[in-house]
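Top to bottom, those sequences are chains W and L. The first sequence begins at 55 in the working numbering and counts up by one. The second sequence begins at 9 in the working numbering and counts up by one. Positions of the beta carbon are idealized from the N, C-alpha and C atoms, including for glycine.
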Amino acid sequence: MPAAHVSTAMAAATLGFAAWAITFVRRRRIVFHLGRNGVGLTPAFMLSLALVGLKLGELTGSFAAMCGFVVALHAAACTFAVCTHKRTLSVRRWSNIEIGSVIFVAAFVLAIPLADSACHNYNISAYLRGNIPPSASNAPHVPLPYHGLYDALVAIVVRGLPVDFELGMDLATVGLLVVVVMNMRAVARELFSSTKVRAWAVVFFLLAFGPSFMRVFDDGLMGLHGRMA
Amino acid sequence: MVLSHALGSFVIAVLLPYAKRRAFAMPRLWLALPAVWLLPYASEEMLLFIGALTLPLVVRQQLPWPTLLASTFVLLLGLWGAQVFSWGPRIDQEIVFRPIPGLAWPLTLPYWKAAQAGLPLASWRGVKLLLEELGPVFAISLGFIAWRGSLPQRLLLLPFVAGFAVAVAMQLGPWPKADMDRFYFFCVNVVFFTAPAWLVPLYEKRSARWAKVAVASIFAATLTSGLVYPTWRGITNSRSWWHAWEEQPGVELRAALAKVARREVVLSDERMSQTLVNAGFVVVAPMMRNYLNDVDESNFDNYATKHQYEADWWFLPADDARVAQRHNTAEAALSGYVLLRPQR
Numbered sequence: 055m056p057a058a059h060v061s062t063a064m065a066a067a068t069l070g071f072a073a074w075a076i077t078f079v080r081r082r083r084i085v086f087h088l089g090r091n092g093v094g095l096t097p098a099f100m101l102s103l104a105l106v107g108l109k110l111g112e113l114t115g116s117f118a119a120m121c122g123f124v125v126a127l128h129a130a131a132c133t134f135a136v137c138t139h140k141r142t143l144s145v146r147r148w149s150n151i152e153i154g155s156v157i158f159v160a161a162f163v164l165a166i167p168l169a170d171s172a173c174h175n176y177n178i179s180a181y182l183r184g185n186i187p188p189s190a191s192n193a194p195h196v197p198l199p200y201h202g203l204y205d206a207l208v209a210i211v212v213r214g215l216p217v218d219f220e221l222g223m224d225l226a227t228v229g230l231l232v233v234v235v236m237n238m239r240a241v242a243r244e245l246f247s248s249t250k251v252r253a254w255a256v257v258f259f260l261l262a263f264g265p266s267f268m269r270v271f272d273d274g275l276m277g278l279h280g281r282m283a
Numbered sequence: 009m010v011l012s013h014a015l016g017s018f019v020i021a022v023l024l025p026y027a028k029r030r031a032f033a034m035p036r037l038w039l040a041l042p043a044v045w046l047l048p049y050a051s052e053e054m055l056l057f058i059g060a061l062t063l064p065l066v067v068r069q070q071l072p073w074p075t076l077l078a079s080t081f082v083l084l085l086g087l088w089g090a091q092v093f094s095w096g097p098r099i100d101q102e103i104v105f106r107p108i109p110g111l112a113w114p115l116t117l118p119y120w121k122a123a124q125a126g127l128p129l130a131s132w133r134g135v136k137l138l139l140e141e142l143g144p145v146f147a148i149s150l151g152f153i154a155w156r157g158s159l160p161q162r163l164l165l166l167p168f169v170a171g172f173a174v175a176v177a178m179q180l181g182p183w184p185k186a187d188m189d190r191f192y193f194f195c196v197n198v199v200f201f202t203a204p205a206w207l208v209p210l211y212e213k214r215s216a217r218w219a220k221v222a223v224a225s226i227f228a229a230t231l232t233s234g235l236v237y238p239t240w241r242g243i244t245n246s247r248s249w250w251h252a253w254e255e256q257p258g259v260e261l262r263a264a265l266a267k268v269a270r271r272e273v274v275l276s277d278e279r280m281s282q283t284l285v286n287a288g289f290v291v292v293a294p295m296m297r298n299y300l301n302d303v304d305e306s307n308f309d310n311y312a313t314k315h316q317y318e319a320d321w322w323f324l325p326a327d328d329a330r331v332a333q334r335h336n337t338a339e340a341a342l343s344g345y346v347l348l349r350p351q352r
């Protein structure tokens, strides 16, 4: 079997196992080690384990090893989880305005080309070619210090599905967006007592930018702060 | 940006219960250690945000000291490993352009239309820019939480305050000052996050119809600009889906030039060099100062002549004079270009 097919299979298996592991751990009582908001915070914790796996795998200089470390760490989390009972306590469901705003932002991310995708192309390709960790694009002995963590994650998505870099970045961004919203729901639960305020807080976190975006009609895209976002 | 938000918001969500000193189901802080280790790899601004939020908890002794020590150790490990901090300051500017942080005086706002210098904060244009970008709901939320908010709510404002201070008081030398916008702009939505704390009760308490309409209008006005811009961008600048299901860009190049080892250097012309970079190859080419991994075509010939002997491979047009002078056979070919080993 060609090496490219092996790495595609490994990346796909890594993504599949990660999705299953998050679901599995969320159903066990072990999540309450993350506090009363543990169910919502579990995806972020599993994401941090996956990223640690990617960084450890980078030390070997192998794309397959990066996938292997991610699977190993997620498997370890599942092993700890299986030692605890199933969770019976239910969690508060997402409100319609929370779901609607996440769908809106996700559709926006998927619909438009990202402003700075060009600067990520080299990094993602470097991971796919095995230049791990990526060196500077014009000096093989100098490490490239920017965007490594995100681009390693995107490289797994791109190789595993497989999709183009733009869509890979979009899908990774949407996945991370959902993780952010779950975290912010947990933060809202700590800060506000009213469920209505909590739900609107998440919507404001996602969509409220004051009059900032109206400036694009005066200044154009170049005038905006945070335009890379 | 979204990755650092995912890690940062996780750390914040684990930390905040400690500000309330609640005894029931407190999070185990050590479970945030992987995220803390990753923060220096993710973004510099998120490190500042988390630092600003954690400092009062440390001063008030609301965090268990063993975990605090472990977090400090893990953070130092992350700083040592993250190349932005460990290797970045030593990189040759000719290879990878990098910022050189320093103090900015007078204070300036990051502004992409004056990317290098920024806008003076103490000027009408600077104040106008700030008001336009943040708006009244932001200002009221900031004041309301600072005045009436609980400790955890007030903690959430600190990242913005710290980020804004750094954004206006620092410049990055030859790197665009405008890039500092991330230090406060990426935290603006955390302040907006607190806005419903005064907006929702205001709406619920007002019985008069006009008052309800007024508060609902503030809701709409704050959210509308966030809806209008993405919708407009989605309609006018939607992406192409032609190659969405292929590993593009560069899938053909990576297959055709499989003989080039992962860190071998390729010499090509200025047009193909950019394509090679996008496909993940290390090339003999100067890079742009403001954009990462973007070949600087204006300076290409001088740079390529100076560094041509660093090339392990040539990937040149088949009719190029340098190819005609060589008698070794091409090891690969694609789109009119041939891959050769240079004869030393």
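*asked:* Measuring alpha carbon to alpha carbon, tell me which residue in L:Arg271, L:Leu348 and L:Ala203 is nearest leucine 198 (chain W).
replied: Looking up residue 198 (chain W) in the first sequence gives position 144. Ranking L:Arg271, L:Leu348 and L:Ala203 by Cα distance to leucine 198 (chain W) puts L:Arg271 first.
_Quick check on the DSSP output: the beta strand (DSSP E) that includes tryptophan 322 (chain L) runs from which residue to which?_
Residue mapping note: residue 322 (chain L) aligns to position 314 of the second sequence, counting from 1. Counting along the chain, tryptophan 322 (chain L) sits inside the beta strand (DSSP E) bounded by residues 321-325.
*Around the C-beta of isoleucine 153 (chain L), are 16 or more other C-beta atoms found within 10 angstroms, so that it is buried, or is it exposed?*
To locate residue 153 (chain L), count along the second sequence from 1; it is residue 145. By the 10 Å Cβ count, isoleucine 153 (chain L) comes out buried.
*Mapping DSSP to helix, strand and coil, what is methionine 238 (chain W)?*
If you number the first sequence from 1, residue 238 (chain W) lands on position 184. Here methionine 238 (chain W) sits in helix by DSSP.
_leucine 117 (chain L) versus proline 184 (chain L): straight-line alpha-carbon distance, rounded_ = Locating residue 117 (chain L) in the second sequence gives position 109, counting from the first residue. Locating residue 184 (chain L) in the second sequence gives position 176, counting from the first residue. The C-alpha of proline 184 (chain L) is placed about 12 Å away from the C-alpha of leucine 117 (chain L).
*Return the CA-CA distance between leucine 245 (chain W) and leucine 115 (chain L), expressed in angstroms with no decimal places.*
On the first sequence, position 191 is the one that residue 245 (chain W) refers to. On the second sequence, position 107 is the one that residue 115 (chain L) refers to. In a straight line, the C-alpha of leucine 245 (chain W) is about 33 Å away from that of leucine 115 (chain L).
*Would you call leucine 69 (chain W) buried or exposed, if buried means 16 or more other Cβ atoms sit within 10 Å of its Cβ?*
As a first step, residue 69 (chain W) is located in the first sequence; it is residue number 15 there, counting from the start. Taking all protein chains in view, the Cβ of leucine 69 (chain W) is crowded by 16 or more other Cβ atoms within 10 Å, so the residue is classified as buried.
*chain L contacts made by the stretch 131-159 of chain W, where a contact means CB separation under 8 Å*: Within the stretch 131-159 of chain W, those residues whose Cβ lies closer than 8 Å to any Cβ of chain L are, in chain order, Phe158 and Val159.
*Between the Cα of tryptophan 148 (chain W) and the Cα atoms of W:Ala253, W:Gly264 and W:Pro265, which residue gives the shortest distance?*
Here residue 148 (chain W) is taken as the residue at index 94 of the first sequence, counted from 1. Closest by alpha carbon: W:Ala253.
*proline 194 (chain W) lies in the alpha helix (DSSP H); which residues open and close that run?*
Within the first sequence, the letter at position 140 stands for residue 194 (chain W). For proline 194 (chain W), there is no enclosing alpha helix (DSSP H); the residue is found in the beta strand (DSSP E) stretching over 193-197.
*Between the beta-carbon of methionine 54 (chain L) and the beta-carbon of glycine 86 (chain L), is there less than 9 Å?*
In the second sequence, residue 54 (chain L) corresponds to position 46, counting from 1. In the second sequence, residue 86 (chain L) corresponds to position 78, counting from 1. Taking 9 Å as the Cβ cut-off, methionine 54 (chain L) and glycine 86 (chain L) do not qualify as a contacting pair.
*Contact under 9 Å by Cβ, isoleucine 178 (chain W) with phenylalanine 219 (chain W)*: Reading the first sequence from its first residue, position 124 is the one you call residue 178 (chain W). Reading the first sequence from its first residue, position 165 is the one you call residue 219 (chain W). The Cβ atoms of isoleucine 178 (chain W) and phenylalanine 219 (chain W) lie closer than 9 Å to each other.
*Taking 8 Å as the threshold, find out whether the stretch 154-172 of chain W comes into contact with the stretch 230-245 of chain L through three or more Cβ pairs.*
Yes, the stretch 154-172 of chain W touches the stretch 230-245 of chain L.
_Pick from L:Arg349, L:Leu41 and L:Gly89 that is closest to alanine 269 (chain L), judged by C-alpha positions_ = One-based indexing of the second sequence puts residue 269 (chain L) at position 261. Out of L:Arg349, L:Leu41 and L:Gly89, L:Arg349 has the C-alpha closest to the C-alpha of alanine 269 (chain L).
*asked:* Spatial neighbours of arginine 190 (chain L) within its chain, please: C-beta separation below 6 Å, excluding the five flanking residues on both sides.
replied: Your numbering for residue 190 (chain L) matches position 182 in the second sequence. Glu53, listed in sequence order.
_Residue from L:Asn286, L:Gly89, L:Gln124 and L:Val291 with nearest C-alpha to glycine 181 (chain L)_ = Mapped onto the second sequence, residue 181 (chain L) falls at position 173. Nearest C-alpha to glycine 181 (chain L): L:Gln124.
*For tyrosine 192 (chain L), which residues from the same chain have a beta carbon less than 6 Å from its beta carbon, with the 5 sequence-adjacent residues on both sides left out?*
Residue mapping note: residue 192 (chain L) aligns to position 184 of the second sequence, counting from 1. Take tyrosine 192 (chain L), set aside five residues on each side of it, and the residues of its chain with a beta-carbon closer than 6 Å to its own are Gly171, Phe172 and Ala175, in chain order.
*Quick one: is isoleucine 108 (chain L) near chain W, going by C-beta distance under 9 Å?*
Taking the first residue of the second sequence as position 1, residue 108 (chain L) is located at position 100. Proximity of isoleucine 108 (chain L) to chain W, defined by a Cβ-Cβ separation below 9 Å, is not satisfied.
*Top-ranked residue by Cα proximity to arginine 162 (chain L), from L:Leu61, L:Leu275 and L:Asp302*: Translated into positions along the second sequence, residue 162 (chain L) becomes position 154. Ranked by Cα distance from arginine 162 (chain L), the first of L:Leu61, L:Leu275 and L:Asp302 is L:Leu61.
*What did DSSP end up calling valine 268 (chain L) once you bin it into helix, strand or coil?*
As a working note, residue 268 (chain L) is residue 260 in the second sequence. Coil, per DSSP.
*What residue does the alpha helix (DSSP H) around valine 208 (chain W) start on, and which one ends it?*
Here residue 208 (chain W) corresponds to residue number 154 of the first sequence, with the count starting at 1. Element bounds for valine 208 (chain W): 202-214.
*Cβ contact (3+ pairs, closer than 8 Å) linking the stretch 315-326 of chain L and the stretch 337-348 of chain L*: By the C-beta criterion, the stretch 315-326 of chain L is judged to be in contact with the stretch 337-348 of chain L, since at least 3 inter-stretch pairs fall below 8 Å.
*Within its chain, find whatever has a CB closer than 7 Å to the CB of glycine 134 (chain L); leave out the 5 residues flanking it on each side and keep chain order.*
Within the second sequence, numbered from 1, the residue matching residue 134 (chain L) stands at position 126. Non-local C-beta neighbours of glycine 134 (chain L) in its own chain, meaning closer than 7 Å and more than five positions away in sequence, comprise Leu117, Leu127 and Pro128, ordered along the chain.
*Minimum C-alpha distance to aspartate 224 (chain W) - residue among W:Gly264, W:Ser171 and W:Ala118*: Locating residue 224 (chain W) in the first sequence gives position 170, counting from the first residue. Taking aspartate 224 (chain W) as reference, the option from W:Gly264, W:Ser171 and W:Ala118 with the minimal CA-CA separation is W:Ser171.
*Is leucine 165 (chain L) helix, strand or coil when you go by DSSP?*
Residue mapping note: residue 165 (chain L) aligns to position 157 of the second sequence, counting from 1. Three-state result, leucine 165 (chain L): coil.
_Selection of the stretch 182-209 of chain W by Cβ proximity to chain L, strictly under 9 Å_ = Taking 9 Å as the Cβ-Cβ cut-off against chain L, the residues of the stretch 182-209 of chain W that qualify are Leu182, Arg183, Gly184, Asn185, Ile186, Pro187, Pro188, Ser189, Ala190, Ser191, Asn192, Ala193, Pro194, His195, Val196, Pro197, Leu198, Pro199, Tyr200, His201, Gly202, Leu203, Tyr204 and Leu207.
*For methionine 34 (chain L), which residues in chain W fall below 7 Å Cβ to Cβ?*
Against the second sequence, residue 34 (chain L) aligns to sequence position 26. Here the neighbours are Gly89.
*With burial defined as no fewer than 16 other Cβ atoms inside 10 Å of the residue's Cβ, what is the status of alanine 326 (chain L): buried or exposed?*
For this step, residue 326 (chain L) is matched to residue 318 along the second sequence. With fewer than 16 other Cβ atoms within 10 Å, it is exposed.
*Name, please, each residue of chain W whose Cβ falls closer than 9 Å to the Cβ of tryptophan 375 (chain L).*
Any question about residue 375 (chain L) goes unanswered here, given that chain L covers just 9 to 352.
*Report the residues of the stretch 286-313 of chain L with a CB closer than 9 Å to any CB of chain W, ordered along the chain.*
Of all residues in the stretch 286-313 of chain L, only Asn286, Ala287, Gly288, Phe289, Val290, Val291, Val292, Ala293, Pro294, Met295, Tyr299, Leu300, Asn301, Asp302, Val303 and Tyr311 place a beta-carbon less than 9 Å from a beta-carbon of chain W.
*asked:* For a minimum of 4 consecutive residues, which ranges assigned as the alpha helix (DSSP H) are wholly contained in the stretch 98-152 of chain W?
replied: Whole alpha helix (DSSP H) segments, 4+ residues: 117-136.
*How is valine 291 (chain L) classed by DSSP in three states: helix, strand or coil?*
Against the second sequence, residue 291 (chain L) aligns to sequence position 283. Here DSSP, grouped into helix, strand and coil, assigns valine 291 (chain L) to strand.
*asked:* Suppose contacts are defined by Cβ-Cβ distances below 9 Å. Is alanine 206 (chain W) in contact with leucine 108 (chain W) by that definition?
replied: Residue numbering aside, residue 206 (chain W) sits at position 152 when the first sequence is read from its first letter. Residue numbering aside, residue 108 (chain W) sits at position 54 when the first sequence is read from its first letter. A contact, by the Cβ cut-off of 9 Å.
*Label glutamine 333 (chain L) either buried or exposed according to how many other C-beta atoms from any shown protein chain fall within 10 Å of its C-beta, with 16 as the threshold for buried.*
Start at 1 with the first residue of the second sequence, and residue 333 (chain L) comes out as number 325. Glutamine 333 (chain L) should be labelled exposed.
*Short Cβ contact (9 Å threshold) for leucine 65 (chain L) with alanine 27 (chain L)*: Locating residue 65 (chain L) in the second sequence gives position 57, counting from the first residue. Locating residue 27 (chain L) in the second sequence gives position 19, counting from the first residue. Their beta carbons are under 9 Å apart, which means leucine 65 (chain L) touches alanine 27 (chain L) by this criterion.
*Give the interface partners of alanine 224 (chain L) over in chain W, defined as CB-CB distance under 9 Å, in chain order.*
Looking up residue 224 (chain L) in the second sequence gives position 216. In chain order: nothing, as chain W lies at least about 12 Å away.
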